[in-house]
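**Q** Each residue of the sequence shown is one higher than the one before, starting from 0 at the first, in numbering that gives the first Met the number 0.
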Amino acid sequence: MLKVGTRMAYGVGGGVFAIKEAAYAIFILLFYTQVLGLSGSVTGVIIALSLVWDGISDPLVGSWSDKLRSRYGRRHPFMVYSTLPLAIGFIGLFSPPVIVVESANLLAGWLLFWSLWVRTFITTFSIPHLALSAELSSDYHERSQLLGMRLGFMFLVTLFLPAAGLVFVFSTEQGIDGRFVAANYPWYGLMSAGLAIVLATMTVLGTREQTSKPQFDGEDYRLPGFRHFVEDVVRTFRNRAFRTMINYDIASAVSWGGSSALNVLVGTYVFEFDPERMAIVLALPSLVAVLLVWVTLKPLTRRWQKPQLLRLCIWGMLLNSMWLLPLKLAGLLPDNDSPLVLWLNLLNLTIFMFFFLLRVTNAMSIVADITDQHELEEGGRREGGFFAVTTFISKMASLVGPLYGGIVLDVIGLNQKALPGQVAQPVLEGLMYGSLLITVPTLFIALYFAYRIDFNKEQVDAIQLHLRERKSVGA
0 MLKVGTRMAY GVGGGVFAIK EAAYAIFILL FYTQVLGLSG SVTGVIIALS LVWDGISDPL
60 VGSWSDKLRS RYGRRHPFMV YSTLPLAIGF IGLFSPPVIV VESANLLAGW LLFWSLWVRT
120 FITTFSIPHL ALSAELSSDY HERSQLLGMR LGFMFLVTLF LPAAGLVFVF STEQGIDGRF
180 VAANYPWYGL MSAGLAIVLA TMTVLGTREQ TSKPQFDGED YRLPGFRHFV EDVVRTFRNR
240 AFRTMINYDI ASAVSWGGSS ALNVLVGTYV FEFDPERMAI VLALPSLVAV LLVWVTLKPL
300 TRRWQKPQLL RLCIWGMLLN SMWLLPLKLA GLLPDNDSPL VLWLNLLNLT IFMFFFLLRV
360 TNAMSIVADI TDQHELEEGG RREGGFFAVT TFISKMASLV GPLYGGIVLD VIGLNQKALP
420 GQVAQPVLEG LMYGSLLITV PTLFIALYFA YRIDFNKEQV DAIQLHLRER KSVGA
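1) Around the C-beta of residue 262, are 16 or more other C-beta atoms found within 10 angstroms, so that it is buried, or is it exposed?
2) Out of 403, 462 and 409, state which residue places its alpha-carbon closest to the alpha-carbon of residue 374.
3) Rounded to a whole number of angstroms, what is the C-alpha to C-alpha distance between residue 40 and residue 464?
4) Measure how close the beta-carbons of residue 52 and residue 147 come, nearest whole angstrom, since I'm counting them as under 8 angstroms.
5) If contact is defined by three or more beta carbon pairs under 8 angstroms, each pair taking one atom from either stretch, is the segment 443-460 in contact with the segment 310-330?
6) Since residue 201 and residue 13 are thought to touch, with beta carbons under 8 angstroms apart, how far apart are those beta carbons, to the nearest angstrom?
7) Spatial neighbours of residue 234 within its chain, please: CB distance less than 8 angstroms, with the 5 preceding and 5 following residues excluded, ordered by chain position.
8) Mind reading off the beta-carbon distance from residue 356 to residue 288? Whole number of angstroms is fine, and I expect it under 8 angstroms.
9) Determine the contact status of residue 269 and residue 435, defining contact as a CB-CB distance below 8 angstroms.
10) Could you tell me the alpha carbon to alpha carbon distance between residue 55 and residue 114, rounded to whole angstroms?
11) Is it a yes or a no for the segment 78-94 touching the segment 103-119, going by three-plus beta-carbon pairs under 8 angstroms?
12) Pull up the distance between the alpha-carbon of residue 198 and that of residue 26, whole angstroms please.
13) Taking the C-alpha atoms as reference points, what is the distance between residue 33 and residue 66?
14) Whole angstroms is fine: what's the gap from residue 134's alpha carbon to residue 18's?
15) Alpha helix (DSSP H) containing residue 3: first to last residue?
16) Residue 130 and residue 74: beta carbons closer than 8 angstroms?
17) Look at the Cβ atom of residue 366, then the Cβ atom of residue 389, and state whether they are nearer than 8 angstroms.
18) Apart from the five residues on each side of it in sequence, which residues of its chain come closer than 8 angstroms, Cβ to Cβ, to residue 486?
19) Compute the minimum distance between the beta carbon of residue 147 and the heavy atoms of the ligand ADP, and state whether it is under 7 angstroms.
20) Tell me the rounded alpha-carbon separation between residue 290 and residue 37.
21) Tell me the rounded alpha-carbon separation between residue 91 and residue 468.
22) Counting only runs that start and end within the segment 45-105, where is the alpha helix (DSSP H) found for 4 or more residues in a row?
23) What do you reckon, are the CB atoms on residue 309 and residue 246 nearer than 8 angstroms?
24) Output yes or no for whether 8 angstroms exceeds the beta carbon distance between residue 399 and residue 168.
25) By the 10 Å Cβ neighbour count, where 16 or more other Cβ atoms means buried, how is residue 248 classified, buried or exposed?
26) Who does residue 172 pair with in a DSSP beta bridge?
27) What would DSSP say about residue 333, mapped onto helix, strand or coil?
28) Could you compute how far the alpha carbon of residue 28 sits from the alpha carbon of residue 259?
29) Where does residue 386 fall in DSSP's three states?
30) In the structure shown, what three-state DSSP assignment does residue 460 receive?
31) On the criterion of 16 or more Cβ atoms from any shown chain inside 10 Å, does residue 342 qualify as buried, or is it exposed?
32) Going by other Cβ atoms of all chains shown within 10 Å of its Cβ, with 16 needed for buried, is residue 195 buried or exposed?
33) Should residue 489 go down as buried or exposed, given a rule of 16 or more other Cβ atoms within 10 Å for buried?
Structural data, given as structure tokens:
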């Protein structure tokens with residue numbers, strides 16, 4: 000069993016990935032469209048285009064880290080050398096100079112360049128970090144706890160970082176909403192950069208003893224050849240359980256990406272939350288949900304198998320999506336100045352976060368178990384390859400979020416620099432319908448594939464027993 004300190008140090012690394020998620024889910028669409036004036040559709044297309052690079056970099060880095068031979072292990076060199084460039088990327092993303100802002104073409108190019116930069120170094124950090132989870136533990140239940148720690152820190156940072164930004168960087172001053180002041184955003188980029196350095200350093204130092212040392216003489220840092228890279232990717236898709244997980248991930252990622260792209264706009268314009276109340280809505284549900292998951296994860300995973308928990312979580316998210324916005328559309332909620340509106344939003348987001356965290360934790364834990372099955376059937380450890388493919392598929396599916404969100408803004412006619420309380424009712428209704436139309440159908444599709452996942456503890460225990468027997472014979 001791993002020490003609590005080791006699990007926490009590993010979990011902190013999830014916060015590095017979360018800094019990027021917070022930037023794109025909360026601020027990028029608002030900053031580049033409503034503040035700087037870039038078209039919503041153009042912004043969405045640029046963010047989607049940057050994800051095409053992930054299609055190459057994710058599996059490439061996964062395969063490379065699987066093959067790396069180093070005195071520092073397979074994963075840690077990537078994590079160390081990614082930290083400083085990633086921090087620089089966050090500063091650049093939120094600091095376009097005046098000459099760039101004055102030209103729509105230059106601004107679009109600036110967003111594309113820094114999106115590619117940030118995504119490259121997020122990949123070289125997060126893929127090896129995620130693959131490290133399967134090396135840290137082979138225990139069926141401990142893997143879920145380890146990944147639950149990672150997901151917990153990831154969501155804490157995803158929501159507490161923007162919440163801190165809303166309070167300390169984007170606060171309302173002299174009646175001016177700080178979210179619509181361009182000069183505030185470089186400070187948020189600097190805050191993101193500093194936090195990335197701190198969290199990356201903590202997770203590297205805290206897990207430095209858990210390195211997968213080469214079992215043969217010599218070191219090898221070379222990039223794998225194209226043929227070897229393609230073969231690695233093809234091998235991952237031979238696994239039937241993994242293919243089912245991929246289909247499930249696509250549907251769930253589309254649901255998450257689409258709704259998250261519009262959530263902040265819904266809170267800002269539909270419920271008219273000021274920066275301080277928005278900070279509460281973002282931070283408090285996340286904190287409560289993470290604590291609930293950490294407390295309940297162990298008993299839940301011992302009561303139900305991982306696939307069963309997946310299905311329960313999707314049902315919970317699906318039912319939770321069908322009450323708050325429909326009630327608002329039907330005119331059954333009180334006016335926005337009522338304290339009840341804030342509490343209902345807090346309840347809705349807390350329920351969502353709880354089920355979402357449980358869902359992702361169990362999904363990633365199942366992928367870690369599948370890597371054992373792959374080793375038994377194909378030979379060789381390929382944690383990086385499996386997690387890279389999973390991460391890439393989720394990213395490609397989630398690109399629907401910014402693309403869909405940008406199109407929705409253009410279709411409903413939410414004008415640049417529109418202020419809360421000054422938006423026409425049909426536009427507000429369009430925002431709400433836009434959120435529901437991307438969330439509910441995709442959750443039903445995810446539920447369909449979740450019922451086709453059957454990879455239980457007995458199977459995993461049998462696979463690991465065969466692996467131990469094989470290694471003992473070969474020793």
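Idealized CB from N, CA, C, for every residue including glycine.
**A** Short version:
1) The residue labelled residue 262 in the question sits at position 263 within the sequence shown. Classification of residue 262: buried, given that the 10 Å Cβ count is 16 or more.
2) Looking up residue 374 in the sequence shown gives position 375. Of the listed residues, the one whose Cα sits closest to residue 374 is 462.
3) Along the sequence shown, one-based indexing puts residue 40 at 41. Along the sequence shown, one-based indexing puts residue 464 at 465. So the two alpha carbons sit approximately 53 angstroms from each other.
4) Stepping through the sequence shown from its first residue, residue 52 is reached at position 53. Stepping through the sequence shown from its first residue, residue 147 is reached at position 148. Between residue 147 and residue 52 the Cβ distance is about 30 angstroms, and since that is not below 8 angstroms, they are no contact.
5) yes
6) For the purposes of this step, residue 201 is identified with residue 202 of the sequence shown, where counting begins at 1. For the purposes of this step, residue 13 is identified with residue 14 of the sequence shown, where counting begins at 1. That belief does not hold up - the Cβ atoms of residue 201 and residue 13 are roughly 11 angstroms apart, past 8 angstroms.
7) Within the sequence shown, residue 234 is the residue found at index 235, counting from 1. So the qualifying residues of the chain are 373, 377, 381 and 384.
8) Position 357 of the sequence shown holds residue 356. Position 289 of the sequence shown holds residue 288. At roughly 6 angstroms, the Cβ-Cβ gap stays under 8 angstroms, so residue 356 and residue 288 are in contact.
9) Looking up residue 269 in the sequence shown gives position 270. Looking up residue 435 in the sequence shown gives position 436. Going by C-beta atoms, residue 269 is not nearer than 8 angstroms to residue 435.
10) Mapped onto the sequence shown, residue 55 falls at position 56. Mapped onto the sequence shown, residue 114 falls at position 115. Each residue's alpha carbon lies about 15 angstroms from the other.
11) yes
12) The sequence position of residue 198 within the sequence shown is 199, counting from 1. The sequence position of residue 26 within the sequence shown is 27, counting from 1. Taking the straight line from one Cα to the other gives about 21 angstroms.
13) Position 34 of the sequence shown, counted from the first residue, corresponds to residue 33. Position 67 of the sequence shown, counted from the first residue, corresponds to residue 66. Each residue's Cα considered, the two are about 45 angstroms apart.
14) Translated into the one-based positions of the sequence shown, residue 134 becomes position 135. Translated into the one-based positions of the sequence shown, residue 18 becomes position 19. Residue 134 and residue 18: Cα-Cα distance of roughly 25 angstroms.
15) Locating residue 3 in the sequence shown gives position 4, counting from the first residue. Residue 3 -> alpha helix (DSSP H) spans 3-11.
16) Locating residue 130 in the sequence shown gives position 131, where the first residue counts as 1. Locating residue 74 in the sequence shown gives position 75, where the first residue counts as 1. Their beta carbons are under 8 angstroms apart, which means residue 130 touches residue 74 by this criterion.
17) Position 367 of the sequence shown holds residue 366. Position 390 of the sequence shown holds residue 389. Taking 8 angstroms as the Cβ cut-off, residue 366 and residue 389 qualify as a contacting pair.
18) It is not possible to answer for residue 486, since the shown part of the chain is limited to 0 through 474.
19) By its list of ligands, the structure shown contains no ligand whatsoever, and the ligand ADP lies outside what it can speak to.
20) By one-based count along the sequence shown, residue 290 stands at place 291. By one-based count along the sequence shown, residue 37 stands at place 38. Roughly 39 angstroms separates the two Cα atoms.
21) What you label residue 91 is simply residue 92 of the sequence shown in a count that begins at 1. What you label residue 468 is simply residue 469 of the sequence shown in a count that begins at 1. One C-alpha to the other measures close to 52 angstroms.
22) 75-92 and 97-100
23) Position 310 of the sequence shown holds residue 309. Position 247 of the sequence shown holds residue 246. In this structure, residue 246 does not lie closer than 8 angstroms to residue 309 by Cβ.
24) As a first step, residue 399 must be located in the sequence shown, where it is residue number 400. As a first step, residue 168 must be located in the sequence shown, where it is residue number 169. Cβ distance not < 8 angstroms, so residue 399 and residue 168 don't count as in contact.
25) To locate residue 248, count along the sequence shown from 1; it is residue 249. By the 10 Å Cβ count, residue 248 comes out buried.
26) To locate residue 172, count along the sequence shown from 1; it is residue 173. DSSP output for residue 172 lists 175 as bridge partner(s).
27) As a first step, residue 333 is located in the sequence shown; it is residue number 334 there, counting from the start. Residue 333 falls in the coil class under three-state DSSP.
28) Indexing the sequence shown from 1 puts residue 28 at position 29. Indexing the sequence shown from 1 puts residue 259 at position 260. For residue 28 and residue 259, the distance between alpha carbons rounds to 11 angstroms.
29) Counted from its first residue, the sequence shown places residue 386 at position 387. If DSSP states are grouped into helix, strand and coil, residue 386 belongs with the helices.
30) For the purposes of this step, residue 460 is taken as residue 461 along the sequence shown, with counting starting at 1. Note: residue 460 maps to helix in three-state DSSP.
31) Indexing the sequence shown from 1 puts residue 342 at position 343. Flag for residue 342 reads exposed.
32) Taking the sequence shown and counting its residues from 1, one reaches residue 195 at position 196. Burial call: buried.
33) Residue 489 is absent from the model: the chain starts at 0 and stops at 474.
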